[in-house]
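Peer 1:
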Amino acid sequence: PVAGGAAIIALGLIFAVWLIIVGVFVLLIGLVGWLFEYYRGEFAH
231 PVAGGAAIIA LGLIFAVWLI IVGVFVLLIG LVGWLFEYYR GEFAH
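Using the working numbering, the first residue of the sequence shown is number 231, and each one after it goes up by one.
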């Protein structure tokens, strides 16, 4: 998702500004998923 978001942002710079907004949302979702991929929480066993 991170590479896809970056690609959508790059295409948005070339073709349409609204693609940049979509790409930023995809990139943020990918980064949050990457950040919390192994998060177990404070009370995990």
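For glycine and all other residues, C-beta sits at the position ideal for the given N, C-alpha and C.
Here's the rule: buried if 16 or more other CB atoms are within 10 angstroms of the residue's CB, otherwise exposed. What is G271?
Peer 2: For this step, residue 271 is matched to residue 41 along the sequence shown. When all chains shown are included, G271 counts as exposed.
Peer 1: Between the Cα of G235 and those of I244, L258, Y268, L243, spot the shortest distance and give me the residue it belongs to.
Peer 2: To locate residue 235, count along the sequence shown from 1; it is residue 5. Ranking I244, L258, Y268, L243 by Cα distance to G235 puts L258 first.
Peer 1: Helix or strand or just coil, what does DSSP make of A240?
Peer 2: To locate residue 240, count along the sequence shown from 1; it is residue 10. Three-state result, A240: helix.
Peer 1: So, with DSSP's three-state summary, where would you put G260?
Peer 2: The residue given as residue 260 occupies position 30 in the sequence shown. In this structure, G260 counts as helix in the three-state DSSP scheme.
Peer 1: According to the neighbour-count rule (16 or more other Cβ atoms, all chains shown, within 10 Å of its Cβ), is G263 buried or exposed?
Peer 2: Position 33 of the sequence shown, counting from 1, holds the residue named residue 263. Classification of G263: exposed, given that the 10 Å Cβ count is below 16.
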